[in-house]
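Asker:
Residue numbers (the numbering used here): 2 to 138.
1. Is the distance from the Cβ of residue 135 to the Cβ of residue 86 below 8 Å?
2. With DSSP run on the structure shown, which of helix, strand or coil describes residue 71?
3. How would you call residue 25, buried or exposed, if buried means at least 16 neighbouring beta carbons within 10 angstroms?
4. Please work out which residues of its chain come closer than 8 Å, Cβ to Cβ, to residue 121, disregarding the five sequence neighbours upstream and downstream, and give them in chain order.
5. At the level of alpha carbons, what is the spacing between residue 40 and residue 56?
6. Going along the chain, which unbroken runs of the alpha helix (DSSP H) with 4 or more residues stay wholly within the stretch 77-115?
Next up, the structure:
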């Protein structure tokens, strides 16, 4: 259980370190995103499909501004629609779809090796990420 908790924490921490290519401007651009919801108390992992988000703002370091808002969208979906209140959610994103697919495969593989047995895919028809706009914009 401790090994699983450490691996889970490492995967979530890695989500914060995922970076798109460095940007030279602050213009919004199309990006690709997927989310993962996991719990240390069961062996089911929830994955969204890789989705396209238009006009996503990446800062100069390549990170999504207000990234936590996107993981919160998935957490609220899992809580409200699927009655899964104990899930920790993370999002992964990139401006290149192929690179994000590799990351998707890597995360899936790591979760399988750390004891997650059931993988539930949440399709685009059931859940889509919505562009976050801070109030006042």
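No residue lacks a Cβ here, since even glycine has one placed at the ideal position from N, Cα and C.
Answerer: Answer, in terms of the structure:
1. no
2. helix
3. Bear in mind that the predicted position of residue 25 carries a pLDDT of just 49, short of 50, making it too unreliable to give a figure here.
4. 45, 46, 47 and 48
5. 31 Å
6. 98-114
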